[in-house]
Amino acid sequence: MSEVLTASRIPLENYAEVVGAGEIEELRALAKPLRGRSIEMINSTAVGGGVAEILNRLVPLAEELDLGIRWDVMKGAEEFFDVTKSFHNALHGEPYHAKPKDFEIFLSYNEQNRATLPLDAEFVVIHDPQPAALIDARKPSSNHWVWRCHIDLSHPNRAVWDFLEKFVTRYDGAMFSSPEFSRQLSIPQYLFYPAIDPLSEKNCPLDSEFIEQVLRRYQIDPQRPILTQISRFDRLKDPVGVIRAYRIVKRYFDCQLVLAGGSASDDPEGALVLKDVLRAAEQDPDIKILELPAWAPLEVNALQRASTIVVQKSLREGFGLTVSEALWKKKPVVASAVGGIPSQIIHKHTGLLAHSVEGTAYQIRFLLSHPQIAAKLGENGHEHVKENFLITQKLKRYLALFLMLDRGL
Ligand code: UDP
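Taking the numbering used here, the leading residue of the sequence shown gets 29, the next gets one more, and so forth.
Laid out in structure tokens, this is it:
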């Protein structure tokens, strides 16, 4: 039994109507030799952020295939998450001067978690830097350990990466969300795109009545264009930049802006960023800043579906699951050309890329004045997600990786 409560199980057969029966048969065939084998996934938050979102769907699906999978969340106090958030930003290339004390804090919480987590599964998958030092618990040659990195490591802070690399190279392999994120490593590296679950509450079709109800609850006018960014209140998601882009657009279109975000238990910066956002909004009644509960998938789904345009103006990004979620809902998306976003947004085909506040505003204005092009981008985006970023494909890649590791390939 896993420590984390995952979302309800959806029978695997139900996915056949989205991805085809052949895909489900392939999954079953690949899973057969792995039936009952133990797998442990470990990350640092049960809710909030893309990693928890993926694990929440991946784990029940793997259970559907009779894998002995569990998902555990490492524990930490504020001082640990302050350090790991700084590491996260630094690995994304933000300026940061690491102090020896930061590394000590990181190591001591990893040590504490080594004492409480089982870490004895045949396949242990460690997500992101926070739990990377759990590898110290590995017993010689008994099981397989892989490190799944969800962040953009293309320009990391040297000191933080040098520290982390010593742990990473002791894994059997490392998985990255984009070829550009990989590092020169002595271990094999694998490309693993993040993925969304088309049948989850976050992405399933919704009644228009429910969508209208959500709009009423937040006093959003369905008759005027709605620009939306759904993201944790995080500086790297640049919510203040979104407000600045909206202000430019507002000179030409009577639109509204929705900035909706919950928090993640491993992200201590949310409250500060939210304050900046509220200040920047200057009580404009057409800017709706929504503090959602950490787990509100149906509301997020409704807000995405109600949007005229979805924005993701990140300054740095791992992958940006919110982009896939919007594209799946056939929404025109304007997003920054950073991190994994260009794998999803093929400029002028599945959405529009931008590089600045002004560029974001320009692309939004273009879409608002060309609704047919906007609709076409949304259609193409849906197909692109269907081909590349659905949870069934991700599960298939995991199964293939476990089989490979098992057979020593
Ligand atoms: N999300 C959510 N509620 C919020 C903010 C975000 O459910 O208030 C979800 C969002 O729908 C997506 C995930 O959290 O599924 C964020 O993943 P992404 O890769 O976009 O960014 P991350 O937070 O991992 O940097």
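Just so you know, even glycine gets a beta-carbon here, dropped at the ideal spot from N, CA and C.
- Distances between the C-beta of Leu119 and the heavy atoms of the ligand UDP are all 8 Å or more.
- Annotation for Leu227: Ile38, Asn42, Tyr43 and Val46 place their beta carbon closer than 8 Å to its own, counting only its chain and skipping 5 residues before and after.
- The beta carbons of His398 and Ile374 sit no closer together than 9 Å.
- Straight-line spacing of the CA atoms in Asn185 and Glu193 works out to 12 Å.
- The continuous beta strand (DSSP E) containing Leu255 extends over residues Ile254 to Ile258.
- As the crow flies, the alpha-carbon of Ser210 is around 13 Å from that of His120.
- Taking the Cα positions, Glu54 is about 18 Å away from Val87.
- Pairwise C-beta distances place the stretch 54-70 in contact with the stretch 413-427, as three or more of them are shorter than 8 Å.
- Distances from the alpha-carbon of Glu345 to those of Trp175, Ala165, Glu106 and Arg260 put Arg260 closest.
- Lys167 counts as exposed, since fewer than 16 other beta carbons sit within 10 angstroms of its beta carbon.
- If you look at Arg37, you'll find it isn't in any alpha helix (DSSP H); DSSP assigns it neither H nor E.
- Taking Phe134 as the centre and dropping the five residues before and after it, the same chain places the C-beta of Val111 closer than 6 Å to its C-beta, in chain order.
- Bounds of the beta strand (DSSP E) holding His155 are Phe151 to His155.
- Rounded to whole angstroms, the gap between the alpha carbons of Ala365 and Leu287 is 20 Å.
- Taking 9 Å as the cut-off, the beta carbon of Leu219 is found no closer than this to the beta carbon of His155.
- In this model, Gly269 and Ser36 are separated by some 37 Å (Cα to Cα).
- Per DSSP, Asn71 is one residue of the beta strand (DSSP E) stretching across Ser66 to Asn71.
- Taking C-beta atoms as the reference points, Met102 and Ser72 count as a pair closer than 9 Å.
- Checking the 8 Å criterion, the Cβ of Ile373 is out of range of every heavy atom belonging to the ligand UDP.
- For Ala223 and Gly78, the gap between their C-alpha atoms comes out near 9 Å.
- In this structure, the alpha-carbon of Leu380 lies about 39 Å from that of Leu433.
- When secondary structure is reduced to three states using DSSP, Lys359 falls in the coil class, being assigned neither helix nor strand.
- Gly104 has its alpha-carbon roughly 13 Å from the corresponding atom of Ala292.
- Bounds of the alpha helix (DSSP H) holding Arg425 are Ile419 to Asp434.
- If you draw a straight line from the Cα of Pro216 to the Cα of Gly201, it is about 5 Å long.
- Taken through DSSP and simplified to helix, strand or coil, Ile315 comes out as strand.
- Boundaries of the alpha helix (DSSP H) around Leu83: Gly78 to Glu92.
- One thing to note: Val351 has its Cβ within 9 Å of the Cβ of Gln340.
- Here Gly121 carries a coil assignment [DSSP, helix/strand/coil].
- Pro207 and Ala309 have their alpha carbons spaced roughly 37 Å apart.
- For Arg176, the secondary structure class from DSSP, reduced to helix, strand or coil, is strand.
- A check of alpha carbon separations from Leu213 across Ile258, Arg98 and Leu181 identifies Leu181 as the nearest.
- The beta carbon of Leu423 sits closer than 8 Å to the beta carbons of Leu55, Leu86, Leu89, Ala90 and Leu93 from its chain, once the five residues preceding and following it are set aside; these are given in chain order.
- Nearest C-alpha to Arg63 among Trp173, Ile97 and Ile70: Ile97.
- Not one heavy atom of the ligand UDP is found less than 8 Å from the C-beta of His377.
- Around the beta carbon of Leu437, fewer than 16 other beta carbons sit within 10 angstroms, so the residue counts as exposed.
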